[in-house]
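Its first residue numbered 540, the sequence shown is counted upward by one per residue in the working numbering. Just so it is clear, CB atoms sit at the ideal spot from N, CA and C, and this is done for glycine as well. These figures come from a predicted structure and were not determined experimentally. Down below is the structure, laid out as structure tokens.
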Amino acid sequence: MGNVDYNYYFNFYREAFFDGTGFSVESLAVRGLGLYIPSKDTKYVRPTFEDDLLSVKTRFRRYEGNNRVVVVQKMFREDKIVSREHTTYVMVGIADGGNKEIPEDLVVRII
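Rendered as structure tokens:
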């Protein structure tokens, strides 16, 4: 993998992380809720090369207040970190855009 677009892979595995919890954007929309990303911080640690076998580990880092989630991801080549990313999600109401609590049934699945 030369010149990797790390964000593509982080986004793919972050979606897979949420899918694995049974979460979907559609299920929130039915409740009048949505998620937006106010911050995303990616750190590039070392380059990747063609034919590198990379893995991504995704985990829930913390639940801030009652409307904010931080997802931490690390990309590895063997046991060395290639890149890491912290993505913050905030739950909002679709109608008014105001902050809303993350539904307890979702919190239980991602903790």
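T587 and N546 have their C-alpha atoms spaced approximately 14 Å apart. Residue pairing for S578: DSSP places it in a beta bridge opposite T627.
Fewer than three Cβ pairs drawn from the segment 555-563 and the segment 618-627 lie within less than 8 Å of each other, which leaves the two stretches out of contact. The beta carbon of N606 lies closer than 7 Å to those of V629, M630, N638, K639, E640 and I641 in the same chain, with the five residues before and after it left out. E589 has its alpha-carbon roughly 27 Å from the corresponding atom of R598.
Less than 7 Å separates the beta-carbon of V610 from that of R553. Contact between L593 and V569 does not hold, since their C-beta atoms are separated by about 36 Å, which reaches or exceeds 8 Å. Spanning the alpha carbons of L574 and M614 requires a straight line of approximately 24 Å.
DSSP places F615 in the uninterrupted beta strand (DSSP E) bounded by R607 to R616. Apart from the 5 residues on each side of it in sequence, A555 sits with its Cβ closer than 8 Å to the Cβ of T597 in its chain, given in chain order.
Ranked by how close their Cα comes to the Cα of L572, the residues K619, V608 and A634 have A634 in first place.
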